[in-house]
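> Here it is, the structure, as structure tokens.
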Amino acid sequence: MIYGLTGGIGSGKSTLSQMLQSYGFQIIDADKITHELHRDPYICNTLTSTFGPDVVMHTLTGICVNRKTLGAQVFADPNAREKLDAIMRPALRHEATKRLHASTAPTVLDAALLFEAGWQDLTDVNIVVLCPEATRLSRIIARDALPESRARARIRAQMSDTERIQLADRLIYNTGDLANLLRQAKRIFDIDIAFPNCPK
Ligand code: ATP
4 MIYGLTGGIG SGKSTLSQML QSYGFQIIDA DKITHELHRD PYICNTLTST FGPDVVMHTL
64 TGICVNRKTL GAQVFADPNA REKLDAIMRP ALRHEATKRL HASTAPTVLD AALLFEAGWQ
124 DLTDVNIVVL CPEATRLSRI IARDALPESR ARARIRAQMS DTERIQLADR LIYNTGDLAN
184 LLRQAKRIFD IDIAFPNCPK
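Numbering-wise (our numbering), the sequence shown opens with residue 4 and increments by one.
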């Protein structure tokens, strides 16, 4: 069983994934794969030929993407964003697919861009984590030490919850405490069925 897990920035996807991992689910985290791809020399070379040499840096462990300079180039320029997506998304999908095929446990594909990238064909059930914008805003400001304007801009750059809800099979409301989140997760991810020996 492959669960797609998505939701807006700061909605609680990683928090939920960590809970599920502790029960034995295999987690495939699209953000983590992106970070790994940012150290891939082929990706770095493709990015430099598209965006110039400033978008990578050379470290003791090898070449890697300079997320700051790359982010600055694509953030306000939809054309540049499209070019970046055309380079990163196929590589990301290829790597995620490889890991999905290798998985031997119920698996969660944690991806903010699940719907934007059209990855529904990789998953059996798609779950959206919802959380009010004001809560997400204060959580990402605290987590990433961002000014409010930048945090709002990040939220605006994503698909809206209204659109996500239309594409979702199941919804999780991360509006309470962590115990509340876990209660919903147990029901929606059938934890007691998938892992009958796990603590109740
Ligand atoms: P991103 O899209 O940026 O990766 P995310 O959806 O993975 O975000 P998390 O990182 O899981 O979101 O959560 C955002 C912040 O909110 C984190 O600091 C997390 O600890 C906190 N958080 C998540 N859920 C709860 C909750 N129910 N109660 C309190 N804090 C929470």
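Yeah, the Cβ is synthetic: ideal placement off N, Cα and C, and Gly gets one too. As the structure is a prediction and not an experimental result, all values here were calculated from the model.
Can you tell me whether Y6 is buried or exposed, with buried defined as 16 or more other CB within 10 angstroms of its CB?
For the purposes of this step, residue 6 is taken as the residue at position 3 of the sequence shown. When all chains shown are included, Y6 counts as buried.
> Ignoring anything shorter than 3 residues or poking outside the segment 48 to 89, list the beta strand (DSSP E) runs there in chain order.
Within the segment 48 to 89, the complete beta strand (DSSP E) runs of at least 3 residues are 59 to 62 and 65 to 68.
> Alpha carbon to alpha carbon, how far is I30 from H104? Give it in angstroms, no decimals.
Numbered from its first residue, the sequence shown carries residue 104 at position 101. Numbered from its first residue, the sequence shown carries residue 30 at position 27. Computed Cα separation, rounded: 13 Å.
> Examine the Cβ distances between the segment 155 to 167 and the segment 23 to 38 and report whether three or more of them are shorter than 8 Å.
Contact fails: fewer than three Cβ-Cβ distances are below 8 Å.
> Taking 8 Å as the cut-off, does the segment 10 to 25 touch the segment 106 to 126 (at least 3 CB pairs, one atom from each stretch)?
Yes, the segment 106 to 126 is in contact with the segment 10 to 25.
> Run the proximity test for L8: is its beta-carbon closer than 7 Å to any non-hydrogen atom belonging to the ligand ATP?
Reading the sequence shown from its first residue, position 5 is the one you call residue 8. No, since every heavy atom of the ligand ATP falls outside the 7 Å radius drawn around the Cβ of L8.
> Please report the distance separating the alpha-carbon of P206 from that of G179.
Residue 206 lies beyond the range of the chain shown here (4 to 203); nothing can be said about it.
> Please determine, among A188, F198, R92 and S141, the residue with the shortest C-alpha to C-alpha distance to Q21.
On the sequence shown, position 18 is the one that residue 21 refers to. Answer by Cα proximity: A188.
> Would DSSP call Q29 helix, strand or coil?
Counting from 1 along the sequence shown, the entry for residue 29 is found at position 26. Strand, per DSSP.
> Our contact map puts I130 next to A171 with C-beta atoms below 8 Å; I'd like the distance itself, whole angstroms only.
In the sequence shown, residue 130 corresponds to position 127, counting from 1. In the sequence shown, residue 171 corresponds to position 168, counting from 1. That pair is a contact at about 7 Å.
> By Cβ distance below 7 Å, which residues in the same chain neighbour T72 in space, the five residues on each side in sequence not counted?
Position 69 of the sequence shown holds residue 72. Taken in chain order, the residues that qualify are D57 and V58.
> Could you pull the start and end residues of the beta strand (DSSP E) that D147 belongs to?
Reading the sequence shown from its first residue, position 144 is the one you call residue 147. Taken as a continuous stretch (DSSP letters only), D147 belongs to no beta strand (DSSP E), being part of the alpha helix (DSSP H) at E136 to D147.
> Excluding sequence positions up to five away, which residues of its chain have a Cβ less than 6 Å from the Cβ of I66?
Here residue 66 corresponds to residue number 63 of the sequence shown, with the count starting at 1. Excluding positions up to five away in sequence, the list reads P44, C47 and V59.
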